[in-house]
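Just below is one structure, and these are the notes that go with it.
2 protein chains.
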Amino acid sequence: MKYKHFVYLPLKRSGEVGKGGVIIYNKLDKESVILPGYPSIKRLVLLSKIRKHFPEGVSVEEKMNGYNVRAVKVGNDVVFVTRGGYLCPYTNSRLKLLYGDSIKEALSELPKGSFIAGEVVGTENPYVRVKYPEAPYFDYFIFDVFVKEDGKYKRMGTKDKYEFLERYSLKSVRLMGVFNAEEAPYKVKEIIDKFDEEGREGVVLKDPQYKRPPAKYTGSYTNIGDIELGMRYPFDEGRDYLFPRIVREMFKVFEEELDNESLKSRYEWLGKAILGPSVESIRKVANGEALYERFVLRFPERSDLEWYLEYTRELGINVKIEDEWIEDGLIVVRAKKFKDSTNVIRSMLETGQTPLD
Amino acid sequence: MKYKHFVYLPLKRSGEVGKGGVIIYNKLDKESVILPGYPSIKRLVLLSKIRKHFPEGVSVEEKMNGYNVRAVKVGNDVVFVTRGGYLCPYTNSRLKLLYGDSIKEALSELPKGSFIAGEVVGTENPYVRVKYPEAPYFDYFIFDVFVKEDGKYKRMGTKDKYEFLERYSLKSVRLMGVFNAEEAPYKVKEIIDKFDEEGREGVVLKDPQYKRPPAKYTGSYTNIGDIELGMRYPFDEGRDYLFPRIVREMFKVFEEELDNESLKSRYEWLGKAILGPSVESIRKVANGEALYERFVLRFPERSDLEWYLEYTRELGINVKIEDEWIEDGLIVVRAKKFKDSTNVIRSMLETGQTPLD
């Protein structure tokens, strides 16, 4: 695929470089890089087991709800790569405007091939739209710096990483604390309960020196909230969202030992997350509407918008621009992304039959 | 595979004879039969569409919750075949004792290769245990008679079928009524609401002359109840049970237009069906227990029990006899069937990690 003066090849198979790896070539500088996929992080479902996984203590970072983007230098330029190994033109144009120079400067300090990884969050993106008080529209919070040494990648330890990012005025995800193994389960429980109240996703647990693999843990707000979001489009995301998140919640409820009243409201919350949005979507389709996500994107240049539209066409995503205007020198568009669930539900409403059994 | 003086080959692929078909050879009589699979019945999720599928009226039969068994003559003997195309020795021994002669007589009246299909229900079986007032232990309710004509199978129409079965003192599933297209959705709704209260599964809708393919519809008691049963063994049945049944319930809720209070209790019911039994199972495994189903089986002869045990070994099902005694001349055993979920949950409790993401 191509984007501006870059040609790139996402590596689908999980091989040496991991899933989501990509080969990128910069035609201007005639330089290329192989960027490995972002390594998948194991998920804990029992807080009591933090001790077992981090016997020497743990640093707890916020896990934000957005989309994972890696940044790497190719020649004299920086590119931003999504989890799947794509150079999304929207993400590239906005991140370049915001942090292009400082990220390039930061990466220049590190060995060639080193890269950073972070979460793009906020409401102005085509992927995951969550409004954070600290990032209502569009921002980038870094959680990992991968330093390439002797052909291998080593994550920077917590302390070095925060100092490094601060030096270049780059934002990082919040460090919620560093705890010893004994106190960690209780401390993380407190954080998760607070996050559940605030509508925040969860945490990533890391060995402060990165001697052990990291682990993630999410709260009910996210386990059940993901189901709620997915079930708006039951035949797109819904089905895949269901079982893994229910399993997380099963173990969370097991560990929490809730009283009857809390248990009852957890049951109702889950049932409502499943049936509420899906029945609402059936109702919409029955009223002749289509199911879609609506979002607002801001592009620095017209060519950025054109690159983005070509990109969605190439990936076969059905995005339709509804409206377009200029604001503060940026091109603003309001767009719709159409969902396949519309057709499945429409056919079920016509025949009254289910395609599943 | 073999059972007594029969050798048989279940046909896994869905071909001419359909999934669950089987070739059976009777070594004594040196005769064989090819029994087709029981045809899958389409499922309706909207009662309002009954009119579309049955414009000339519909006969409504109770769909009972047990397991589907076909009976066919092979030589001078009758065999009973499960949905998958197996000759379960337990099912064969009990059904033969109860109805062997009358079914043989009934099938002798029909062309060779004709067969009947019905539901084995009650608490005394290794598969689906539901206590019906009309069949607390073990019984067989026939719903279809397939007559072979010119190499094809034709279902008997409602009236002929009920007369035919009555003539041989065979039990049939209940005929709930025959309705015209206009009234059918309301009548079926009444039946389903009553079934939901009584804890009954649902209905099968048939064109009285069998000119149109039949359709089934189940109530919330079954949609959500199946989830509740399956989630006791979340990594065995649970996962597969979830999505299709949620989809049925989505459309049921859409069509019902429930008030807020009823909607709230439906949400709670679903959430509880998912989290209740699964958390209870985690608790059991955490206490060192294994997850299993327990059931009681009655065998006419010791050799029947031995055939059954060989059968479970051959199919790789982990059944353990706990206790055995004689009652009214029958051999009674209490058995346990062990579930794979035990191992998955045990490993998750040890590591605190999920294998799913």
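Just so you know, the sequences run in chain order X and Z. Take 1 as the starting number for the first sequence in the UniProt record's numbering and just add one per residue. Take 1 as the starting number for the second sequence in the UniProt record's numbering and just add one per residue. For each residue, glycine too, the CB sits at the ideal point set by N, CA and C.
Proximity winner among the options, relative to residue i (alpha-carbon distances)
i                      : options                                    : result
Z:Glu-119              : Z:Arg-174, Z:Leu-107, Z:Val-147, Z:Lys-154 : Z:Arg-174
Z:Leu-110              : Z:Lys-161, Z:Cys-88, Z:Leu-95              : Z:Lys-161
Z:Lys-337              : Z:Asn-318, Z:Ile-326, Z:Ser-108            : Z:Asn-318
Z:Val-121              : Z:Asp-193, Z:Met-1, Z:Thr-82, Z:Ala-106    : Z:Thr-82
Z:Gly-316              : Z:Tyr-308, Z:Asp-77, Z:Arg-302             : Z:Tyr-308
residue 360 of chain Z : Z:Ile-50, Z:Ile-23, Z:Lys-4                : The requested residue 360 of chain Z does not occur in the structure, where chain Z is confined to residues 1 to 357.
Z:Lys-320              : Z:Ala-286, Z:Lys-339, Z:Lys-272            : Z:Lys-339
Z:Gln-209              : Z:Asp-357, Z:Lys-159, Z:Tyr-67             : Z:Lys-159
X:Pro-36               : X:Glu-324, X:Val-69, X:Leu-170             : X:Val-69
X:Glu-134              : X:Ile-345, X:Pro-234, X:Thr-123            : X:Thr-123
X:Val-17               : X:Leu-291, X:Arg-200, X:Val-33             : X:Val-33
X:Ala-184              : X:Glu-201, X:Phe-164, X:Glu-166, X:Asp-207 : X:Asp-207
Z:Val-5                : Z:Lys-19, Z:Tyr-25, Z:Leu-165              : The sequence shown places His at residue 5 of chain Z, not Val. The shortest C-alpha separation from Z:His-5 is found at Z:Tyr-25.
X:Gly-329              : X:Lys-252, X:Phe-243, X:Leu-97, X:Phe-295  : X:Leu-97
X:Phe-54               : Z:Asp-357, Z:Lys-12, Z:Thr-351             : Z:Thr-351
Z:Ser-102              : Z:Val-247, Z:Tyr-233, Z:Arg-167, Z:Tyr-8   : Z:Arg-167
Any C-beta of chain Z under 8 Å from that of residue i
i         : result
X:Thr-351 : yes
X:Ile-246 : yes
X:Ile-191 : no
X:Lys-337 : no
X:Phe-54  : no
X:Gly-20  : no
X:Arg-232 : no
X:Phe-251 : yes
X:Val-204 : no
X:Val-188 : no
X:Arg-239 : yes
X:Thr-218 : no
X:Arg-43  : yes
X:Ser-48  : yes
Beta-carbon separation (whole angstroms), residue i vs residue j, contact threshold 8 Å
i                      : j         : result
X:Glu-249              : X:Leu-270 : 7 Å
X:Lys-148              : X:Lys-112 : 7 Å
X:Ile-331              : X:Phe-299 : 5 Å
X:Val-60               : X:Ile-191 : 6 Å
X:Arg-212              : X:Val-285 : The Cβ separation is near 48 Å, so there is no contact.
Z:Leu-87               : Z:Tyr-3   : 4 Å
X:Val-296              : X:Arg-334 : 5 Å
residue 382 of chain X : X:Val-178 : Here chain X has residues from 1 to 357 only, and residue 382 of chain X is not among them.
Below-8 Å beta-carbon distance, residue i vs any chain X residue
i         : result
Z:Val-128 : no
Z:Asp-357 : yes
Z:Glu-201 : no
Z:Val-60  : no
Z:Tyr-267 : yes
Z:Lys-272 : yes
Z:Thr-342 : no
Z:Ile-227 : no
Z:Ser-347 : no
Z:Leu-275 : yes
Helix, strand or coil at residue i according to DSSP, with G and I counted as helix
i         : result
X:Leu-291 : coil
X:Thr-354 : coil
X:Leu-175 : strand
Z:Tyr-241 : helix
Z:Arg-43  : strand
X:Thr-82  : strand
X:Ala-181 : coil
Z:Asp-304 : helix
X:Ile-317 : coil
Z:Val-17  : coil
X:Tyr-217 : strand
Z:Asp-259 : coil
Identified DSSP bridge partners for residue i
i         : result
X:Gly-118 : X:Val-69, X:Ile-142
Z:Arg-155 : Z:Phe-146
X:Gly-329 : None; X:Gly-329 has no bridge partner.
X:Leu-297 : X:Val-333
Z:Tyr-25  : Z:Val-7, Z:Ser-32
X:Glu-62  : X:Val-203
Z:Lys-2   : Z:Val-7
Z:Val-130 : Z:Gly-122
Z:Glu-324 : Z:Val-333
Z:Arg-338 : In the sequence on display, residue 338 of chain Z carries Phe and not Arg. The partner list for Z:Phe-338 (beta bridge, DSSP) reads Z:Tyr-292.
X:Ala-135 : X:Tyr-132
X:Val-188 : According to DSSP, X:Val-188 bridges with nothing at all.
beta-carbon residue i near the ligand PLP non-hydrogen atom, thresh 7 Å
i         : result
Z:Lys-154 : Absent from the structure shown: the ligand PLP. Ligands present: none.
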